[in-house]
Amino acid sequence: PAYVIHTSGSTGRPKGVEIGHGALAHFVAGATRRYGLRREDRVLQFAPLHFDASVEELFLTLCAGATLVIRTEEMTQSVPRFLADCARLDISVLDLPTAYWHELACTLSTGTAVLPAGVRAVVIGGEPALPERAERWRKAVGTSVALFNTYGPTEATVVATVADLHDPALAPGDVPIGLPLPGTRAAVVAGELYLLGDNLALGYRGAGPAEDARFASLAALPGGPRAYRTGDLVHVGEDGRLRFRGRADDEFKISGHRVHPAEVENALLTHPRVVAAAVVGQTLPDGSRSLVAHLVAGPPAPSAAEVRAHLRTRLPTAMIPSAVELHDHLPRTGSGKIDRQALRTPVHPEAPTAGSPLERTIVGIWQRSLGNAAVTAADDVFDLGAHSLQAIQVANRIGIELDRDIRVAWLFQYPTPAELARFLDDRPLTPAGLPAPLLDDRPTTPTAGLPAPLLDGRPTAPASLPAPLPDGRSTAPAGLPASLLDDAVLDPDVRPGTRRGPAVPRRILLTGATGFVGAHLLAELLTATAAEIVCAVRAGTTGEAERRLDRALEHHDLALPQTVRRRVTAVPCDLARPGLGLRPDVLGELADTCDAFFHNAATVSILREYGTLRAANTESTRQLLRLAAARAVPLHYVSTLSVAPPASHRPEVPEAFLPPHAGLRYGYQQSKWASERLLEQAAERGLPVSVHRLGRVVGPPGTGYVNAHDFLWSVLRAGIPAGIVPELFEDEIWTPVDYVAKAVVHLGLHATGPVFHHAAVPRTRLSDLYDWVEEYGYPLRRLPLPERRDALPRTAGAAATTLAFFDSHTTSGSDAPDLRLGHVHTDNVRTGLRGSDISCPPVGRDLVFRYLDRCVATADLPAPARGEPRPAPPAK
Numbered sequence: 003p004a005y006v007i008h009t010s011g012s013t014g015r016p017k018g019v020e021i022g023h024g025a026l027a028h029f030v031a032g033a034t035r036r037y038g039l040r041r042e043d044r045v046l047q048f049a050p051l052h053f054d055a056s057v058e059e060l061f062l063t064l065c066a067g068a069t070l071v072i073r074t075e076e077m078t079q080s081v082p083r084f085l086a087d088c089a090r091l092d093i094s095v096l097d098l099p100t101a102y103w104h105e106l107a108c109t110l111s112t113g114t115a116v117l118p119a120g121v122r123a124v125v126i127g128g129e130p131a132l133p134e135r136a137e138r139w140r141k142a143v144g145t146s147v148a149l150f151n152t153y154g155p156t157e158a159t160v161v162a163t164v165a166d167l168h169d170p171a172l173a174p175g176d177v178p179i180g181l182p183l184p185g186t187r188a189a190v191v192a193g194e195l196y197l198l199g200d201n202l203a204l205g206y207r208g209a210g211p212a213e214d215a216r217f218a219s220l221a222a223l224p225g226g227p228r229a230y231r232t233g234d235l236v237h238v239g240e241d242g243r244l245r246f247r248g249r250a251d252d253e254f255k256i257s258g259h260r261v262h263p264a265e266v267e268n269a270l271l272t273h274p275r276v277v278a279a280a281v282v283g284q285t286l287p288d289g290s291r292s293l294v295a296h297l298v299a300g301p302p303a304p305s306a307a308e309v310r311a312h313l314r315t316r317l318p319t320a321m322i323p324s325a326v327e328l329h330d331h332l333p334r335t336g337s338g339k340i341d342r343q344a345l346r347t348p349v350h351p352e353a354p355t356a357g358s359p360l361e362r363t364i365v366g367i368w369q370r371s372l373g374n375a376a377v378t379a380a381d382d383v384f385d386l387g388a389h390s391l392q393a394i395q396v397a398n399r400i401g402i403e404l405d406r407d408i409r410v411a412w413l414f415q416y417p418t419p420a421e422l423a424r425f426l427d428d429r430p431l432t433p434a435g436l437p438a439p440l441l442d443d444r445p446t447t448p449t450a451g452l453p454a455p456l457l458d459g460r461p462t463a464p465a466s467l468p469a470p471l472p473d474g475r476s477t478a479p480a481g482l483p484a485s486l487l488d489d490a491v492l493d494p495d496v497r498p499g500t501r502r503g504p505a506v507p508r509r510i511l512l513t514g515a516t517g518f519v520g521a522h523l524l525a526e527l528l529t530a531t532a533a534e535i536v537c538a539v540r541a542g543t544t545g546e547a548e549r550r551l552d553r554a555l556e557h558h559d560l561a562l563p564q565t566v567r568r569r570v571t572a573v574p575c576d577l578a579r580p581g582l583g584l585r586p587d588v589l590g591e592l593a594d595t596c597d598a599f600f601h602n603a604a605t606v607s608i609l610r611e612y613g614t615l616r617a618a619n620t621e622s623t624r625q626l627l628r629l630a631a632a633r634a635v636p637l638h639y640v641s642t643l644s645v646a647p648p649a650s651h652r653p654e655v656p657e658a659f660l661p662p663h664a665g666l667r668y669g670y671q672q673s674k675w676a677s678e679r680l681l682e683q684a685a686e687r688g689l690p691v692s693v694h695r696l697g698r699v700v701g702p703p704g705t706g707y708v709n710a711h712d713f714l715w716s717v718l719r720a721g722i723p724a725g726i727v728p729e730l731f732e733d734e735i736w737t738p739v740d741y742v743a744k745a746v747v748h749l750g751l752h753a754t755g756p757v758f759h760h761a762a763v764p765r766t767r768l769s770d771l772y773d774w775v776e777e778y779g780y781p782l783r784r785l786p787l788p789e790r791r792d793a794l795p796r797t798a799g800a801a802a803t804t805l806a807f808f809d810s811h812t813t814s815g816s817d818a819p820d821l822r823l824g825h826v827h828t829d830n831v832r833t834g835l836r837g838s839d840i841s842c843p844p845v846g847r848d849l850v851f852r853y854l855d856r857c858v859a860t861a862d863l864p865a866p867a868r869g870e871p872r873p874a875p876p877a878k
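Take 3 as the starting number for the sequence shown in my numbering and just add one per residue.
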């Protein structure tokens, strides 16, 4: 070998990487040309000689005939001192660790120092460059100084890819790692980057087969060439450039979400007082998982609540860190990278000492669940970042600790440990050991968490349904929230305006475009129309709204060609705020220019009560109806079949608006029904509205994509490793998401309803589904819910959370949730789709196999233990 560099990689164990003479020669030749090094350059030797960045500085400089300037230790005592010395030494090329360049960019952006006039090029590498720092650099330095962002593991000889960050084709905030150097090739397999070519190392000195397996033949390419598996996740853009997405081994799952720390860090750095950020995933001693944000902040330092509020406008709830810790500086490794291992030490909170014994118990459990020792009895835990699944876990643990059953809904009703303790102290136990029931004490419904409405078609005697009153209100069955019927009255001034929109929409507003169904609706609207699509996205700025939208499309395998993407505009909003969180002039502009509205967004929670959902789910519909009424343009509303009464109340479900009924027991159902009631009154006043009720929406057959939020797939992910699945229901309607999107858009553009049931497919039997899972290779025991509850340990994992909604009934003494629907009419859908080529494919064994293939490939499920599964045929 030409040299050996020891690197710990991701394992922490030093490994000697042997670099051959040929690999070094290829790297030097390619990088010298890419950086444009010249004889007259003066290059600073920044890296210590035991890091491979020093190879770049030494060999490139000397082979180009340039001058190598050795830095002193004193140069890096401060950024201003460093820049002053660079000016004194007449440095023209800086080769810096990205971490140091981040500090440089931050200092330059404050105006307290300037880049020496003689510097013409800066090369950075070693860790991902932050988009926020790139923007600071661009504003402070401009584009006259070349800025090269490099990427490369030691095993590929220092640098494998390079990006010119001043390329005018790059959008603001776009920080690719670029294109391979000459002689280097890159391949992306299942999102992971493989490097090939003459630049690869010879291997690891004295390594065993396991480590040398990182260098192996890549069967995905013709001839199976030798490749190095980097373990890095990348995305290939339309421009062919690679974009770093994180380490495969850094992926951390929170509530079914794959979380990349870099994505959360980028969002943190958009806060004006956050100077540096590192996010790590922690697996706490009890097995629960959480994210912790480590920050360096400028004065006045933001509070943890302020940081989380900032992130809520930019990230999904599961990506909000449970704990925020402030530091004077972040720990660094010898190479200048953030020392994430030093930050990963789990928090072990001391036992709380204040408050009653019950308060201390509850506080301690929340501290352990959140990984946050700062929780007190007076804190609203949801303001501290708690989410629904953590609430399920905590209720479970409190129940174990107190030897009594705790309903998750109580944690939402009493969000501080002190309030919950007072409630439990005042609540007597029944002789059976269960808390005495309260009349208004009902858990809220899962939505994505709830199974799709169950369709068994068994006729029963219909119960009488209440009739509407003259003022638009309805008589209500007992038990509905007091405000529900009042909220379901449309303001009298919402009526069709005198102006009219065009027959063919030129501009369409879509809500919920970052979600599973919404992303496919966006893609279909772009295909079926020539209109501009305005996407209302929960975000604080336009740039963040655009980035959230692009990430969602990419996540759902729907990345758009640039020519099509130009027809999409993202508008930052917050549906839970008055006026959708938009200025009056923006609302007026949308009312004046949007020719159709597709309202797909909703806050989805498995446990929240109606009062916490009304703003985002019901009041947003009221506001959008007001916008649509200005020019009497259509509003198409995506709803759920779960608003219908169960078969025990009504044997058939017509494609029509529904009065209130006793089956509206859960918060999400109630909020969607109230929205439908507003639309019903709008239709009576002559507004063109339609309601699209969906059952279970599953992934498109072509990709096998599985929605991480889907209740039933959560059940399978929890049950398959243990070989235990619950007996939940007989059958239900499954509709692939690409069909749903096509049908909703086609009906919205061409048909009149006003109510459509997207359920015109054969039902999927749960017993068949379990049979197919077993045929795939997973042995299963099918148990009734109580037995399944006892068979699976009550832990913090998915097994303890996915069925908590049902468990809350079996353990509280309340009736099991009545979810079975009678015969669901689909005449309006069938008539509206007649003559089109849109039909719903049935869900069967082959498609389920494709879903399971995808889950195994993405590590959402382990590979079957008993032999190889029978592969599904390719998608047609």
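Every residue, glycine too, gets a C-beta built ideally from N, C-alpha and C. Every value quoted in this text rests on a predicted model; they were computed, and no experiment measured them.
**Asked** Between residue 7 and the rest of its own chain, which residues show a CB-CB distance below 6 Å, the 5 nearest in sequence each way excluded?
**Response** 19, 54, 156
**Request:** Starting from residue 47, follow the beta strand (DSSP E) in both directions and report where the run begins and ends.
**Result:** 44-47
**Message:** Less than 6 Å between C-beta atoms, sequence neighbours within five positions excluded: which residues of the same chain meet that for residue 830?
**Reply:** 657, 755, 758
**Boundaries of the beta strand (DSSP E) in which residue 233 is found, first to last residue** = 228-238
**Asked** Are the CB atoms of residue 317 and residue 269 nearer to each other than 8 Å?
**Response** yes
**Message:** So, with DSSP's three-state summary, where would you put residue 712?
**Reply:** coil
**Request:** Give me the Cβ distance between residue 162 and residue 154, rounded to the nearest whole Å; I'm assuming they're in contact under 8 Å.
**Result:** 4 Å
**Message:** For residue 746 and residue 640, what's the separation of their Cα atoms in angstroms?
**Reply:** 8 Å
**Request:** Since I believe residue 135 is in contact with residue 168 (beta carbons under 8 Å), could you give me their beta-carbon distance rounded to a whole number of angstroms?
**Result:** Incorrect: roughly 14 Å between the Cβ atoms, too far for contact.
**Request:** Return the CA-CA distance between residue 419 and residue 361, expressed in angstroms with no decimal places.
**Result:** 6 Å
**Item:** Reduced DSSP secondary structure (H/G/I, E/B, other) of residue 2
**Value:** The structure shown has nothing for residue 2, since the chain only spans 3 to 878.
**Item:** Straight-line Cα distance separating residue 839 from residue 282
**Value:** 48 Å
**Message:** Suppose contacts are defined by Cβ-Cβ distances below 8 Å. Is residue 512 in contact with residue 600 by that definition?
**Reply:** yes
**Buried/exposed call for residue 322, threshold 16 Cβ in 10 Å** = buried
**Prompt:** Once you ignore the five residues that flank residue 593 on each side, which residues in its own chain have a CB closer than 6 Å to its CB?
**Reply:** 629, 632
**Request:** Could you tell me whether the Cβ atoms of residue 297 and residue 266 are closer together than 8 Å?
**Result:** no
**Request:** Under 6 Å Cβ to Cβ from residue 858, same chain only, skipping five residues before and after it: list those, please.
**Result:** 865
**Prompt:** How would you label residue 369, buried or exposed, when you count the other beta carbons within 10 angstroms and need 16 or more for buried?
**Reply:** buried
**Request:** Just the C-alpha distance for residue 84 and residue 247, rounded to the nearest angstrom, thanks.
**Result:** 31 Å
**Proximity winner among 634, 533, 98, relative to residue 81 (alpha-carbon distances)** = 98
**Prompt:** Run through DSSP, which three-state label would residue 879 get?
**Reply:** Missing from the structure shown is residue 879; the chain here goes from 3 to 878 and no further.
**Item:** Beta-bridge partners of residue 737, as assigned by DSSP
**Value:** 699
**Prompt:** Where does residue 277 sit, in a helix, a strand or coil, going by DSSP?
**Reply:** strand
**Item:** Strand pairing of residue 166, partner residues [DSSP]
**Value:** 150
**Message:** Short of 7 Å in beta carbon distance, which residues of its chain neighbour residue 111, apart from the five on each side in sequence? Order them along the chain.
**Reply:** 138, 141, 142
**Prompt:** Smallest Cα separation from residue 726: which of 717, 734, 615?
**Reply:** 717
**Item:** Straight-line gap, residue 1 to residue 697 (C-alpha atoms, nearest Å)
**Value:** Residue 1 is absent from the structure shown; the chain starts at 3 and stops at 878.
**Message:** With H, G and I counted as helix, E and B as strand and the rest as coil, what does DSSP make of residue 334?
**Reply:** strand
**Asked** My guess is that residue 235 and residue 22 are in contact by the Cβ rule of under 8 Å, so how many angstroms apart are they, rounded?
**Response** Wrong, their Cβ atoms sit about 28 Å apart, outside the cutoff.
**Item:** Span separating the alpha-carbon of residue 625 from that of residue 652
**Value:** 32 Å
**Asked** Is residue 538 near residue 551, with beta carbons less than 8 Å apart?
**Response** no
**Request:** Let me know if residue 312 comes out buried or exposed under the rule of 16 or more other beta-carbons within 10 Å of its beta-carbon.
**Result:** buried
**Request:** Please classify residue 756: does DSSP put it in a helix, a strand, or coil?
**Result:** coil
**Request:** Below 6 Å CB to CB, which residues in the same chain sit around residue 546 once its five sequence neighbours on both sides are set aside?
**Result:** 316
**Proximity winner among 526, 237, 774, relative to residue 748 (alpha-carbon distances)** = 526
**Asked** Regarding residue 505 and the ligand HEM, is the C-beta to nearest heavy atom distance less than 7 Å?
**Response** No copy of the ligand HEM appears in this structure; indeed no ligand is present at all.
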